[in-house]
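Here's the structure we're looking at; comments come further down.
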Amino acid sequence: MRLDQIIVTISGLFLAAGVIWYFFLYKRQTVRAKDTEGIQEVKISVKGGYDPDLIVVKKDKTVRLNFYREETSSCTEVVVFPDFRVRKELPAFQNTIIEIMPDKIGEYDFHCDMNMIHGKLIVEE
Amino acid sequence: MKVVDPICGMKIDSEEAIGHLEHKGETYYFCSDSCLERFQENPEQYVRSDVTAKKEVKMEKKKLGSKTKEGVTSLTGFSDQANYLKLEIPIVGMSCASCAVTIEKSLKDVEGVQTASVNYANQRAHVTYNLNEISSPDLLKAIESAGYQTGGAVLRIGIKGISCASCVDKIEKALKKIPGVLKATVNPGTEEARIEYLPEMVQLNAIKKTIEDLGYQTVHIGDEIPEDREKSQHEAEYKSLWHKFLFAAILSVPILIGSFPEWIPSWAAVPQQTRWIILFALTLPVLILSGSQFYVGAWRAFRHHSADMNTLIGVGTGAAFLYSFAATFLPGLFPENLRNVFYDTTAIIIALILIGKVLEAKAKGRTSDAIKRLIGLQAKTARVVRDGKELDIPVEEVLVGDTVVVRPGEKIPVDGIVEEGSSTVDESMVTGEPTPAKKSRGDEVIGATINKIGSFKFKAAKVGKDTMLSQIVKMVQEAQSTKAPIQRLADVISGYFVPIVIVAAILTFIVWYDFGPAPQLTFALITFVTVLIIACPCALGLATPTSIMVGTGKGAENGILIKGGEALETAHKLTAIVLDKTGTITLGKPDVTDVISLNGMAKNELLALSAALEKSSEHPLGEAIVESAEEKGLTLAKASDFSAIPGLGVKGTIDGQSVLLGNLKLMQTSQIDLKDVLDQSQAFAEQGKTPIFVAINQKLSGILAVADPVKEDSKEAIRKLKDIGLEVIMITGDNSKTAEAIAKQVNIDRVFAEVLPNEKAKYVKQLQQEGHIVGMVGDGLNDAPALAQADVGIAIGTGTDVAMEASEITLIKGKLTSVATAIQLSKATMRNIKQNLFGSFFYNSLGIPVAAGVLYPFFGILLSPIIASAAMAASSVTVVSNALRLRRFKAAA
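What follows is the structure, encoded as structure tokens:
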């Protein structure tokens, strides 16, 4: 094996490992929903992903997710909360409100229509 | 002279006043007798001593913007400062008369409340309060603190120009000051106000005007607006994609030709580097103007630790372009044989992917056509009668109880019950039933259906989100958010798909670089780019959602509401279907066909006695007896000690005689001697009639035969179900003879008869234990446990009452043929989903290895990245187009 081949192989493998770490193993930051007048409210900016994408809420209290889609890329045009049977189109550069009543403790994924872009709702006591 | 009526505040001409009165040296004029009478009762209450106060009243009226209605709003005043308003507030959640006392007390405790009385019967609070001291939200708080809710209407109104938090406060305060506004909250984020108000007091214009007077613009928010917004956005998106594609495609032509100098000798004569620089100059605009969305999207996703289609295209075309860029401007970096450019690849990939996206966007827009059409059905205005006048008002302002006028050719605005007039109504848009329905007094009408020739008035029974149309829209939207279990694997895969593909591309690069033929770097780069480009996650991601969107939408068009992917998937696997007899196979409107009386009793006497007892019952057979007696004009005595014995019959006392009425089981358990009539009752049963025995004072007095005619289409529907390959089973509470007679008429082989309502679920379970996957069809009310027990519960809705809780599938119109259609639709949808999933799995599992070059060592085949991008564009378009084929679904005959 030539030297350049060894270099390419090693750096390629490192790169592949980096891809796996970056997309799968990276720990994301959580955000706790703000409680105002009995409603837990979170603003989520949508731009190639959900920001924040890990949201902690309390059980049995209405959660109001205020999505603002800051792009026209069609990848993010729909958000789906499969466990809450919500599928909603997010018009670009507009607020879209989704209200959810979490009545069970657990972790609930939400994602774009094609399940490429993910977020998680964590329901706590 | 213009004067003001002190009672209602109406401005009238003194000449035209109905009457006038002198009080304490001043003359008062009245618009009507009732105002005059009220003044006479207690003049002091209405007199205002100073003129400015009168002006205030007038101004207050102006602000209100509402017409004054006698007895509802009367601005009154009986001191210099006080400005009193009488309010009628609907209350929700009052369950007993003592609740009224609690609310009254709570209201009276509020400082500024003059009088408060709560009427339990009409669920309303009547409050007179001082406008200067408190406003209606304070009353609301008092009612809420007592533990009750107010039943105001809710309005959302868009406000433009909110720039700061103080604007919010200012608008909220102004809104709360409008008498009749119960709650007002302004959300600066969404730029909208949510207002709870009493519609009989406040009109929309008053609310709008209040906001506009503060210097803001108001925007109407209705259901149709976001739809329009979405539509225009989709169109803009489509146009922009199309323009980007055109730009890329046009430039791709010279780039492609320029990349093959052997085609044009004079071009070949130009030095290589100059040619490449020219190609670079042509490609860069394509990258920036047409391709930038992929790079921007990829970068945004990257920042969120996620990867999508943009990542694949961005990295793929980016790598090809950067390599070409380096070869063009820093040729010294590469040995002679590796100096190569891929400008044509870069530009053509971008053009092809864009055309794929254009087609996909167009097709995807059509997957939600059905739901958009449903939403679009909603009427915009309604003509209601208020204060004896016909008014055209926005449909959002129609209240339960309003009388609505419908003229020929008009759309019926909300759900209700016909009060006068008659007509035929085309309900096909909601129920899927093509024949227009006749409507006359007492019939239910459904909002969004179209009145044909007659005209009628109806009482609004359901408005806003409670209407059948809104329920259907909600249910279909919910269904479209669900997934079929079959998609689970696809879901897991698509969640990891893109990063895995990137890893695969990197490994491909390494393998080609290490073991590939020369020039290794070129081959490694080409395969790397091809793997990235061909792996389209879109096809996988779109496979199920698009089919479900189209399938559930198609169902809604046919009056079939499917709860979601899971219901679809189970429905196509059914092996047995249980049909409830009454109301499903039969009309559910039984009729008395024979009366046999014993012991010398007159037939009509027996019928009258039975009807008297059944009057208190809600059983359909009982209703038939009462109806039959009423048709004959018999007078019914009063029954006492009535009690219903579920599944058996009823008993009670009439004129001191104890009367027992019911089926054979009831007579047997009550030890009544039946031997004289057994033959006759057998004969009835064999004809499919239900014999009902009547015993007076423990002695048999006669039999009534009640028959529930079989629906016209039942036989046909059962044949269809059998054609699909299902075992059809009938379940009924009737005796086995009657049941079998009916079963024979409609060709059903297996019957569960004499089943008590609460036992139906048990029989469903029994079938499941036999290994069947069971569908249960019932009316959704007393069949709820059986519907829930079944693998797929199919509720047959009637009229506006769509029972959806216990069932997976709801048929809006009580048509049994729709059951077969629903199952056929679920089969068609599942087939479509499977085709899509298979297609995308097949495409990816084959496409990626081929792109990586696995065929090269054996056949020398290597995929060009351009072919890969064409395949990728085609894959998602294929999936969506395949889903759209479902729109052509037609139930088999």
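Here the protein sequences line up with chains A and B, keeping their order. Those letters in the first sequence? Residues 1 to 125, by the working numbering. Those letters in the second sequence? Residues 1001 to 1893, by the working numbering. Backbone N, C-alpha and C fix where the C-beta goes; we use that ideal spot for every residue, glycine too. Just so we're clear, the structure is a prediction, and the values are computed from it rather than from any experiment.
Extent of the continuous beta strand (DSSP E) run through glutamate 89 (chain A): Glutamate 89 (chain A): member of the beta strand (DSSP E) spanning 86-89, first to last residue.
Beta-carbon proximity check, lysine 1563 (chain B) vs isoleucine 1796 (chain B), cutoff 8 Å: Going by C-beta atoms, lysine 1563 (chain B) is not nearer than 8 Å to isoleucine 1796 (chain B).
Chain B residues whose Cβ lies nearer than 7 Å to that of lysine 47 (chain A): Arg1300
Top-ranked residue by Cα proximity to glutamate 1686 (chain B), from B:Glu1111, B:Phe1752, B:Asn1735 and B:Leu1214: Ranking the options by Cα distance to glutamate 1686 (chain B), first place goes to B:Asn1735.
Validate contact between the region 1381-1388 of chain B and the region 1310-1330 of chain B using beta carbons, cut 8 Å, 3 pairs: no
Buried versus exposed call for leucine 1354 (chain B) [16 or more other C-beta atoms within 10 Å across all chains shown]: buried
Beta-carbon proximity of lysine 1720 (chain B) to valine 1746 (chain B), cut-off 8 Å: no
Proximity to lysine 1554 (chain B) [Cα-Cα], best of B:Leu1359, B:Asp1369 and B:Thr1115: For the residues B:Leu1359, B:Asp1369 and B:Thr1115, the minimum Cα distance to lysine 1554 (chain B) belongs to B:Asp1369.
Amino acids of chain A, ordered along the chain, whose beta-carbon sits closer than 9 Å to that of leucine 1886 (chain B): Neighbours of leucine 1886 (chain B) on chain A: none; closest Cβ ~18 Å, over 9 Å.
Collapsed DSSP secondary structure at cysteine 112 (chain A) in the structure displayed: strand
Reference phenylalanine 1325 (chain B); option with closest CA among B:Leu1287, B:Ile1250, B:Lys1483 and B:Thr1584: Per the Cα distances, B:Leu1287.
Same chain only: Cβ atoms within 8 Å of cysteine 127 (chain A), ignoring 5 sequence neighbours per side: What is shown of chain A runs 1 to 125, which leaves residue 127 (chain A) out entirely.
Expected contact under 8 Å - CB spacing of leucine 1139 (chain B) and isoleucine 1207 (chain B) to nearest Å: About 18 Å separates the two Cβ atoms, so there is no contact after all.
Contacting positions in the region 1489-1506 of chain B - beta carbon closer than 7 Å to chain A: Here the close residues are Asp1491, Ser1494, Gly1495, Val1498, Pro1499, Ile1502, Val1503 and Ile1506.
DSSP state of lysine 61 (chain A) mapped onto helix, strand, coil: coil
Residue nearest to serine 1166 (chain B) in terms of C-alpha spacing, selected from B:Ala1249, B:Thr1185, B:Thr1552 and B:Thr1115: B:Thr1185
Straight-line gap, lysine 1765 (chain B) to valine 1774 (chain B) (C-alpha atoms, nearest Å): 9 Å
Contact under 8 Å by Cβ, valine 1595 (chain B) with alanine 1624 (chain B): For valine 1595 (chain B) and alanine 1624 (chain B), no; Cβs fall outside 8 Å.
Serine 1658 (chain B), DSSP secondary structure in three states: strand
Contacts that cysteine 1538 (chain B) makes with chain A (C-beta to C-beta distance below 7 Å): Counting only Cβ-Cβ distances below 7 Å, cysteine 1538 (chain B) has contacts in chain A at Met114, in chain order.
DSSP state of alanine 1125 (chain B) mapped onto helix, strand, coil: strand
4 or more residues per run - each alpha helix (DSSP H) lying fully within the region 1831-1888 of chain B: 1856-1859 and 1865-1885
Cβ-based burial, aspartate 1580 (chain B) [other Cβ within 10 Å; buried from 16]: buried
Three-pair Cβ contact test at 8 Å for the region 1444-1460 of chain B versus the region 1498-1506 of chain B: no
C-alpha distance - isoleucine 1941 (chain B) paired with leucine 1568 (chain B), whole-angstrom precision: Since the displayed chain B opens at 1001 and closes at 1893, residue 1941 (chain B) lies outside it and no answer follows.
When B:Val1710, B:Gly1652 and B:Asp1783 are compared against lysine 1907 (chain B), the one with the closest alpha-carbon: A query on residue 1907 (chain B) cannot be resolved here, the shown segment of chain B reaching from 1001 to 1893 and no further.
Short Cβ contact (8 Å threshold) for alanine 1448 (chain B) with leucine 1377 (chain B): yes
Interface partners of glutamate 99 (chain A) on chain B, CB under 8 Å: Neighbours of glutamate 99 (chain A) on chain B: none; closest Cβ ~12 Å, over 8 Å.
Candidates B:Ala1683, B:Glu1770 and B:Leu1787, of which the one nearest alanine 1739 (chain B) by Cα: B:Ala1683
Buried/exposed call for glutamine 1520 (chain B), threshold 16 Cβ in 10 Å: buried
For histidine 1126 (chain B) and valine 1880 (chain B), the rounded distance between their alpha carbons: 58 Å
Within 8 Å, strictly: CB atoms of valine 1406 (chain B) and isoleucine 1412 (chain B): yes
For isoleucine 105 (chain A), the nearest candidate out of A:Asn95, A:Tyr50, A:Ile122 and A:Arg87 (CA to CA): Distance check between isoleucine 105 (chain A) and each of A:Asn95, A:Tyr50, A:Ile122 and A:Arg87 places A:Ile122 closest, using alpha-carbon atoms only.
Those residues which DSSP pairs with tyrosine 1343 (chain B) across a bridge: Tyrosine 1343 (chain B) pairs with nothing; no bridge assigned.
Assigned exposure category for aspartate 1679 (chain B) - 16 Cβ within 10 Å defines buried: Exposure of aspartate 1679 (chain B) is indicated by the presence of fewer than 16 other C-beta atoms within 10 angstroms of its C-beta.
Contacts around phenylalanine 67 (chain A), its chain only, beta-carbon distance under 6 Å, and the 5 residues preceding and following it disregarded: Ile44, Val46, Leu90 and Thr96
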